[in-house]
Amino acid sequence: MLWVLALASLLVLTGCWDSVEVNDLGIVIATAIDAAPNNQVRVSIQIAVPGQMGSGTGGGMSGGGGKKPYFSVSAVGTDIRDTNQRLQRMVSRQIFVAHRRILLIGEKLAKQDIERQLDEPTRNPQSRLRTEVVVTRGEAMNYLKVSYPFERVPMEGMRKVMYGNASDYKMDLKDLMIMLATPGLQPAIPIVDLTPPSPGESPKFRADGVALFRGGKMIGSLTTHEARGLLWLQDKMKRGTVTVGIPGHKGKVSCKMLRVKSDFDVKMKNGHPSMSVRLRPENDIVENDTDLDVNDPKNVVLVERAYSTKVKQTIVHTVDLLQHRYGVDVTGSSEYIHQAFPSEWLKLSAHWDQEFARMPITVEVDGKIRRIGMDGPSLTRTKGQIEH
Amino acid sequence: MLEKGRISTNQLAMTAILTVLGTTILFVPGVTIALGGRDAWLAPVVGGLLGCVTVLVMIKLHKLYPGQTPVEYMRAIFGKWVGSILSAFVLFTLLRYLATMFREFTDFTITVTAFRTPPEAILVLMLAVVFYGARKGLEVVVRVAEFVMVIELTQLLVSVITMATKDIHWNYLFPLFEHGPLPVLRGGLLVGGWFGELITIGFLLPFVNKKKGVAKSGLLAIVGITLLLMVSDVYTLGIFGDIIGARLQFGLYEVGRYISIANFLERLDPIIMGVWIMLLYCKITLFAYVVSLGLAQLFRVRDYRPFVGIVCLLGAVMSGQMYPRQSDMTTYFVTAFPPFGFFFSVIFPLGILGVAMLRRRRGRARA
Numbered sequence: 024m025l026w027v028l029a030l031a032s033l034l035v036l037t038g039c040w041d042s043v044e045v046n047d048l049g050i051v052i053a054t055a056i057d058a059a060p061n062n063q064v065r066v067s068i069q070i071a072v073p074g075q076m077g078s079g080t081g082g083g084m085s086g087g088g089g090k091k092p093y094f095s096v097s098a099v100g101t102d103i104r105d106t107n108q109r110l111q112r113m114v115s116r117q118i119f120v121a122h123r124r125i126l127l128i129g130e131k132l133a134k135q136d137i138e139r140q141l142d143e144p145t146r147n148p149q150s151r152l153r154t155e156v157v158v159t160r161g162e163a164m165n166y167l168k169v170s171y172p173f174e175r176v177p178m179e180g181m182r183k184v185m186y187g188n189a190s191d192y193k194m195d196l197k198d199l200m201i202m203l204a205t206p207g208l209q210p211a212i213p214i215v216d217l218t219p220p221s222p223g224e225s226p227k228f229r230a231d232g233v234a235l236f237r238g239g240k241m242i243g244s245l246t247t248h249e250a251r252g253l254l255w256l257q258d259k260m261k262r263g264t265v266t267v268g269i270p271g272h273k274g275k276v277s278c279k280m281l282r283v284k285s286d287f288d289v290k291m292k293n294g295h296p297s298m299s300v301r302l303r304p305e306n307d308i309v310e311n312d313t314d315l316d317v318n319d320p321k322n323v324v325l326v327e328r329a330y331s332t333k334v335k336q337t338i339v340h341t342v343d344l345l346q347h348r349y350g351v352d353v354t355g356s357s358e359y360i361h362q363a364f365p366s367e368w369l370k371l372s373a374h375w376d377q378e379f380a381r382m383p384i385t386v387e388v389d390g391k392i393r394r395i396g397m398d399g400p401s402l403t404r405t406k407g408q409i410e411h
Numbered sequence: 065m066l067e068k069g070r071i072s073t074n075q076l077a078m079t080a081i082l083t084v085l086g087t088t089i090l091f092v093p094g095v096t097i098a099l100g101g102r103d104a105w106l107a108p109v110v111g112g113l114l115g116c117v118t119v120l121v122m123i124k125l126h127k128l129y130p131g132q133t134p135v136e137y138m139r140a141i142f143g144k145w146v147g148s149i150l151s152a153f154v155l156f157t158l159l160r161y162l163a164t165m166f167r168e169f170t171d172f173t174i175t176v177t178a179f180r181t182p183p184e185a186i187l188v189l190m191l192a193v194v195f196y197g198a199r200k201g202l203e204v205v206v207r208v209a210e211f212v213m214v215i216e217l218t219q220l221l222v223s224v225i226t227m228a229t230k231d232i233h234w235n236y237l238f239p240l241f242e243h244g245p246l247p248v249l250r251g252g253l254l255v256g257g258w259f260g261e262l263i264t265i266g267f268l269l270p271f272v273n274k275k276k277g278v279a280k281s282g283l284l285a286i287v288g289i290t291l292l293l294m295v296s297d298v299y300t301l302g303i304f305g306d307i308i309g310a311r312l313q314f315g316l317y318e319v320g321r322y323i324s325i326a327n328f329l330e331r332l333d334p335i336i337m338g339v340w341i342m343l344l345y346c347k348i349t350l351f352a353y354v355v356s357l358g359l360a361q362l363f364r365v366r367d368y369r370p371f372v373g374i375v376c377l378l379g380a381v382m383s384g385q386m387y388p389r390q391s392d393m394t395t396y397f398v399t400a401f402p403p404f405g406f407f408f409s410v411i412f413p414l415g416i417l418g419v420a421m422l423r424r425r426r427g428r429a430r431a
């Protein structure tokens, strides 16, 4: 019996319908999606060339042509999958997106509609919901042509610029889908830009604020500074240095945030919500070019006050922009109302953006300085210049 | 006696856990969230209560007719003809459940990995091991379940709990009862449909070696299932939210795909897939065994083993015939399955118990 089974299994096991060898896979590192004329879409992919990966030094990549461990192709079609088929005609290996880490969306497409083009990346069983998303200034296709010295594949470098260790903001496909599909939530996607090219050097990737979306369309953007206000509001600010001037003293003090205690409180009055935001960031002083002796608590209190005012201004400015210029809630404040007032939320959710624009938001920042670095008064000054 | 093997109460509990968990741990989060919204993670509690009814009724019936399987005592209660028809109904329903499992298995495997492989090829591999296992008798079936339960389920839980907890947004689980208690009840009825598969323990009870502690192990199994299903729901809901979570086909599998530890430990989906296939194997083998045993008793054949092959093949063929499209199965789960499951696993056993008690009383009065 067992022998018959074993022999029978030989018959089935030889047919490997889905076998693809690793060296038949074209591993896509990044996909860039752009709008094309006639309601079409342009898809560009950057594919890793594993053979070039191990050998040679990192420096060799930007130099001699044809030796790069990556290459890019681009095609136009009616939707992503249609375009994928056209791309496949140019690529000798099967296009394989399971290792894709970043998805670029061109600015023009973002302004038209991103919802149509994002079904494929979530439906495809290869593609992962962890794929991070950025909006590019200008055409996304151009970003795949840029070389980057640090990483073997430039798009991995860009991903780290945008979402690496230096960033607190995360926007992957899963988060984006939640925000697109949930009433009352709207996405804010980080924007990547290229530094202006200088002779003899290729441009570099640079994080440049966030794009604001409503109903799947980009309606505007916040600058990097304004985006910091948004991070505070989203309770995603986990680090970051704020430089403040102290009234009555020349120079600036930089404070590095270590942690923050935040408290978002919503109240409901006559069916209209209001929100108060209380933030208690803790900081270290990392630079002090004023004449203040920061060993003196009195002076530290001055810095704390200036810091709190500055942070509050940043947040209030962002709130003002979101409420009055764009009228869109990308802060996720609706979630607090949903939690605290579920029955009222059912009514509010239908017209949340208008309601958000009217919602009073009070901001209270109580910054604390915990430590002051390696020296008290600045070492660069003579004794007479130090203010005690 | 068709079956000479004996199992312990612990083995009964573990088999019962796998009976429900085999399919549900992967499929249920999506459909429960679709019905229950943010309260979906409470639905297993309601389902568990329904499961308690099923288990307690099966145990009570077994006390009234010790050493007999449902097929045998239904004949004793209802007489030869009606009893046989009711048994045929039970066995056919279990066969349909078996076919549904085969379908879930092929749909899942084909969707996530083997796109071009014909479902028959995948089924043949599963059928071969199921056929082999089910023919070896109850003790083998149960011991494999025990083994899988201890090793695979632990692996699944450890890998998911340690690695995905950091991605949970706990506020996606609240507010509680935002649309009233109805969504929880609807979700619970749906989960209860799967808890209803515990009706199969009616076929195992005659072979438990100690009659003491059977109820305890049955209830323990239900607590275990409820908790594990809640874990599965909490992770799917907490990571994907109620809106996306409801649209995902394979909730817990997506959780596995979403795991990322320090950009290094990623794509744990093969682990979840492997574990799930093992769980499903146990469930399918048990069902194939129970249906074959029931058929043998129904037709008063001395050996159940000739039926195993027929049952497996029938299940495999039905899996393709019952649901022409995958969407048919999903729709069936959300629409027809909850009320039918409620009837089949709560009302139907209660009815049998009611008739059995009546008969007994009348019999006693006559004597």
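Going line by line, the protein sequences match chains A and B.
With my numbering, the residue at position 213 of the first sequence is 236, and numbering never jumps.
With my numbering, the residue at position 319 of the second sequence is 383, and numbering never jumps.
The beta-carbon is built from N, C-alpha and C at its ideal position, and this holds for glycine as well.
Endpoints, alpha helix (DSSP H) assigned at residue i
| i | result |
| --- | --- |
| K321(A) | P320 to D343 |
| I225(B) | T218 to A228 |
| V110(B) | A107 to L128 |
| H243(B) | Looking at the DSSP string, H243(B) is not in any alpha helix (DSSP H), and its letter there is neither H nor E. |
| A98(A) | Run containing A98(A): none in the alpha helix (DSSP H); it sits in the beta strand (DSSP E), Y93 to G100. |
| V353(A) | Taken as a continuous stretch (DSSP letters only), V353(A) belongs to no alpha helix (DSSP H), as it is neither H nor E. |
| L155(B) | K144 to V176 |
| K183(A) | P177 to Y186 |
| Q111(A) | I103 to Q111 |
Environment of residue i [buried if 16+ CB atoms lie within 10 Å]
| i | result |
| --- | --- |
| M113(A) | exposed |
| K335(A) | buried |
| F401(B) | buried |
| W26(A) | exposed |
| A133(A) | buried |
| D297(B) | buried |
| M397(A) | exposed |
| W368(A) | buried |
| V267(A) | buried |
| W234(B) | exposed |
| T80(A) | Since pLDDT at T80(A) reaches only 46, below the 50 mark, its modelled position is unreliable, and the value read off the structure follows with that caveat. Answer is exposed; the Cβ neighbour count stays below 16. |
Interface flag, residue i vs chain B, CB-CB below 8 angstroms
| i | result |
| --- | --- |
| W40(A) | yes |
| R151(A) | yes |
| T295(A) | Correcting the residue identity first, residue 295(A) is His in this sequence and not Thr. No, H295(A) does not count as interfacial toward chain B. |
| Y192(A) | no |
Residue i: CB within 7 angstroms of a non-hydrogen atom of the ligand MG
| i | result |
| --- | --- |
| Q346(A) | By its list of ligands, the structure shown contains no ligand whatsoever, and the ligand MG lies outside what it can speak to. |
Cutoff 8 angstroms; reference residue i; Cβ partners in own chain excluding five residues on either side
| i | result |
| --- | --- |
| L362(B) | V135, S148, S151, A152 and L155 |
| K240(A) | A133, K134, Q135, D136 and I137 |
Continuous beta strand (DSSP E) stretch holding residue i: start and end
| i | result |
| --- | --- |
| V410(B) | Premise fails: V410(B) is in no beta strand (DSSP E) and is neither H nor E. |
| S42(A) | It is not in any beta strand (DSSP E) - S42(A) carries neither H nor E in the DSSP assignment. |
| Q69(A) | Q63 to A71 |
| H295(A) | H295 to N311 |
Cβ neighbours of residue i in the same chain (closer than 7 angstroms, five flanking residues each side left out)
| i | result |
| --- | --- |
| Y236(B) | R102, L301, G302, G305 and D306 |
| D47(A) | R116 and Q117 |
| M122(B) | I263, I265, G266, L269 and P413 |
Spatial neighbours of residue i in its chain, beta-carbon cut-off 6 angstroms, leaving aside the 5 residues before and after
| i | result |
| --- | --- |
| R237(A) | Q209 and V351 |
| D412(A) | Because chain A spans 24 through 411 in this model, residue 412(A) falls outside it and cannot be assessed. |
| R321(B) | D333 |
| S409(B) | T118, G260 and I263 |
Test: residue i CB closer than 8 angstroms to a CB of chain A
| i | result |
| --- | --- |
| V176(B) | yes |
| G305(B) | yes |
| A192(B) | yes |
| S356(B) | no |
| I308(B) | yes |
| T181(B) | yes |
| Y299(B) | no |
Whether residue i touches residue j by CB criterion (8 angstroms)
| i | j | result |
| --- | --- | --- |
| V212(B) | C116(B) | no |
| Y317(B) | D333(B) | yes |
| L357(B) | T133(B) | yes |
| G282(B) | G111(B) | no |
| F166(B) | L189(B) | no |
Chain C within 8 angstroms of residue i, Cβ atoms only
| i | result |
| --- | --- |
| R321(B) | Reference to chain C is not applicable here, since the protein chains of this structure are A and B. |
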